[in-house]
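Working notes, structure below.
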Amino acid sequence: MTDTAPPPTTTGAQEEELHPIRLRVNGVLRTAEVPARRLLSDCLRHDLGLTGTHVGCEHGVCGACTVQVDGRPMRSCLMFAVSAQDHEITTVEGLERPDGTLHAVQRAFRECHGLQCGFCTPGFLNVIAAFLEENPKPSEEEARDAVAGNLCRCTGYQNIVKAVLRAAELRLEEQVDEDAPVEVDEVAR
Amino acid sequence: MKPPAFKYHAPASLAEALDALDAVGHDGKVLAGGQSLIPILNMRLAAPAHLVDINRLSELAYVRTEPGGVTVGALARHADVERDADAYAAVPLLRQGLRLVAHPVIRNRGTTVGSLAHADPSGEMTAVLALLGGSVDLVRKGASRTVGAEDFFAGPLESCIEPGEMAVSAYFPRLAGRTGTEFVEAARRHGDYAMCGVAAAVTLDDDLRVTRARAAYLSVSPVPLVLDLTEAVHGATPATARWADAAALAVLSIEPEPDIHATAEYRAHLARVLTERALRAAAQRATSTDVERTSR
Numbered sequence: 001m002t003d004t005a006p007p008p009t010t011t012g013a014q015e016e017e018l019h020p021i022r023l024r025v026n027g028v029l030r031t032a033e034v035p036a037r038r039l040l041s042d043c044l045r046h047d048l049g050l051t052g053t054h055v056g057c058e059h060g061v062c063g064a065c066t067v068q069v070d071g072r073p074m075r076s077c078l079m080f081a082v083s084a085q086d087h088e089i090t091t092v093e094g095l096e097r098p099d100g101t102l103h104a105v106q107r108a109f110r111e112c113h114g115l116q117c118g119f120c121t122p123g124f125l126n127v128i129a130a131f132l133e134e135n136p137k138p139s140e141e142e143a144r145d146a147v148a149g150n151l152c153r154c155t156g157y158q159n160i161v162k163a164v165l166r167a168a169e170l171r172l173e174e175q176v177d178e179d180a181p182v183e184v185d186e187v188a189r
Numbered sequence: 190m191k192p193p194a195f196k197y198h199a200p201a202s203l204a205e206a207l208d209a210l211d212a213v214g215h216d217g218k219v220l221a222g223g224q225s226l227i228p229i230l231n232m233r234l235a236a237p238a239h240l241v242d243i244n245r246l247s248e249l250a251y252v253r254t255e256p257g258g259v260t261v262g263a264l265a266r267h268a269d270v271e272r273d274a275d276a277y278a279a280v281p282l283l284r285q286g287l288r289l290v291a292h293p294v295i296r297n298r299g300t301t302v303g304s305l306a307h308a309d310p311s312g313e314m315t316a317v318l319a320l321l322g323g324s325v326d327l328v329r330k331g332a333s334r335t336v337g338a339e340d341f342f343a344g345p346l347e348s349c350i351e352p353g354e355m356a357v358s359a360y361f362p363r364l365a366g367r368t369g370t371e372f373v374e375a376a377r378r379h380g381d382y383a384m385c386g387v388a389a390a391v392t393l394d395d396d397l398r399v400t401r402a403r404a405a406y407l408s409v410s411p412v413p414l415v416l417d418l419t420e421a422v423h424g425a426t427p428a429t430a431r432w433a434d435a436a437a438l439a440v441l442s443i444e445p446e447p448d449i450h451a452t453a454e455y456r457a458h459l460a461r462v463l464t465e466r467a468l469r470a471a472a473q474r475a476t477s478t479d480v481e482r483t484s485r
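Dropping the structure here:
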């Protein structure tokens, strides 16, 4: 054990440099001091207390930690918090409206029984919310494809796919309420 | 699973990034999308002492389509390349391959140039670059070079990028003539690493007879493998060509390694089936879509 083998690669023993960061999360400017290796998922949970973002596999496979970065869903376990500065982060806590009304996708999940244990749900909600912005009237096949990158061990996915389609309807109804002139018939199709 | 500690560099320009890479040399690694690098760090399969984060170099976030082909900057995300209509019109194989890269959420963050630099033999974009005969631009402080696909990939997860160097862009040339392409693969699960994948390009002459048929393979060789299969189908029309013969010819040149996901035999079987499928579809595209392209 006294040969010339290099020391273990970790530098955990020495003091790690901390980086002050400013993150815009759910419209609020938050600050923290983190080591460079702090994953965005851990920063959200540990440093900012936003435990709605769940951490499953920590290598990008399960999708539970998915958040929106500038409106695009991304794996927060595959980003460093220091890289996320200057971007608009949306977590599951930021989906509901300021008055507490649930997002269309959240209401659809409740209606369609799209969750059981709920662990994977925050990731699904962010993926679907962003997906519907791009594709407001998806077919069932498109809905299925949209959630293919997220794992759920409870539901068997059928009700999640139903929830995607229902969320699309609810979302369009919401828009009708907001800009009244549109014919309801036209949107219901 | 947390990444090991590293010294973080956040350059604001390409020049600063090259300075940082030059200073840290062998101990440095470029962080772009991180969709392959961060899992490797999380699983502690690598522990670079320095990470140079290029996510602020918006000057490299471009997809540029010119008559000759498409140039993709180091910070262009897969999703940006995939959605780019001009890039698709010039080099359809880009989108055909990109839609098979992991899942849309990963493609939102991962970069096309990064996946080339990662040089995973199961990476779709390595096969796309190889089949098109594309190249990668490498820059270091005070010097730059362009490396063709045939020299870029050195081995599994190993490219020819040297310490201090950075891949700043990749060039995907437009295929000449009446050429159609297709990308097919077989994976255990949707979005997973392919057990075998085939990118194919078929060129027809004005009488719609095959003049060239080539295929590139992933997950069956240490570096992307490109095979010329023209001799099996030369002079035939897409409808009469014996695509199965071309596939049989391809299998003679493939020596896949077995692993936990598939035996060597099964991978060879997949290569044969997928080759036939990809060539047939590519030839079909060459017949139907090229009329539109030449009329522009």
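Which chain is which? The protein sequence lines are G and L, in order.
Residue 91 in my numbering sits at position 91 of the first sequence, and the numbers go up by one each step.
Position in the second sequence counted from 1, then plus 189, gives you my numbering.
Using N, Cα and C, we set each Cβ at its ideal position, and we do this for glycine too.
Checklist entry - For residue 117(G), does the count of other Cβ atoms within 10 angstroms reach 16, so buried, or fall short, so exposed? => result exposed
Next on the checklist: Which residue marks the beginning of the beta strand (DSSP E) containing residue 89(G), and which one marks its end?
Outcome noted: 88-90
Item to check | Whole-number beta carbon distance between residue 290(L) and residue 267(L), since they are thought to touch under 8 Å | outcome: 6 Å
Checklist entry - Between residue 177(G) and the rest of its own chain, which residues show a CB-CB distance below 6 Å, the 5 nearest in sequence each way excluded? => result none
Next on the checklist: For chain G, check one thing: does any of its Cβ atoms lie closer than 7 Å to the Cβ of residue 209(L)?
Outcome noted: no
Next on the checklist: For residue 301(L) and residue 34(G), I'd like the C-alpha separation in whole angstroms.
Outcome noted: The straight-line gap separating the alpha-carbon atoms of residue 301(L) and residue 34(G) is approximately 29 Å.
Checklist entry - Residues in its own chain within less than 8 Å of residue 187(G) by CB, not counting five upstream and five downstream? => result Because the pLDDT at residue 187(G) is just 46, under 50, the model does not fix this residue reliably, and the value given afterwards should be weighed accordingly. Answer for residue 187(G): 172, 173, 175, 176, listed in chain order.
Checklist entry - Is it the case that the Cβ atoms of residue 402(L) and residue 391(L) are separated by a distance below 7 Å? => result yes
Next on the checklist: Closest to residue 315(L) by C-alpha separation, out of 412(L), 216(L), 331(L), 203(L), would be which residue?
Outcome noted: Measuring from the Cα of residue 315(L), the nearest candidate turns out to be 412(L).
Next on the checklist: Residues in the same chain with beta-carbon distance under 8 Å from residue 20(G), minus the five sequence neighbours each way, listed in chain order, please.
Outcome noted: The residues are 31, 32, 33.
Next on the checklist: Out of 368(L), 256(L), 246(L), which one is the CA nearest neighbour of residue 262(L)?
Outcome noted: Taking only the C-alpha atoms, the option nearest residue 262(L) is 246(L).
Checklist entry - Bridge partners of residue 262(L), per DSSP? => result DSSP lists 358(L) as partners of residue 262(L).
Next on the checklist: Excluding the 5 residues flanking residue 341(L) on each side, which residues of the same chain have their C-beta closer than 6 Å to its C-beta?
Outcome noted: 325, 348, 349
Checklist entry - In chain G, which residues lie with their C-beta within 9 Å of the C-beta of residue 362(L)? => result Correct list: empty, because the minimum Cβ distance to chain G is about 29 Å.
Checklist entry - With 16 other CB atoms within 10 Å as the buried threshold, where does residue 237(L) fall? => result buried
Next on the checklist: So, under 8 Å CB-CB, residue 317(L) and residue 361(L) are touching, yes? Tell me the CB distance rounded to an integer number of Å.
Outcome noted: 7 Å
Item to check | chain L residues whose Cβ lies nearer than 7 Å to that of residue 97(G) | outcome: Chain L residues near residue 97(G): none, gap ~24 Å exceeds 7 Å.
Next on the checklist: So with CB distances below 9 Å, who are the chain L contacts of residue 66(G)?
Outcome noted: 294
Checklist entry - If you measure beta-carbon to beta-carbon, which residues of the region 217-229 of chain L are closer than 7 Å to chain G? => result Residues of the region 217-229 of chain L whose Cβ lies closer than 7 Å to any Cβ of chain G, in chain order: 223, 224, 227, 228.
Checklist entry - Under the rule that 16 or more other beta-carbon atoms within 10 Å means buried, what is residue 296(L), buried or exposed? => result buried
Item to check | Outcome for residue 232(L) when other beta-carbon atoms lying within 10 angstroms are tallied against a minimum of 16 | outcome: exposed
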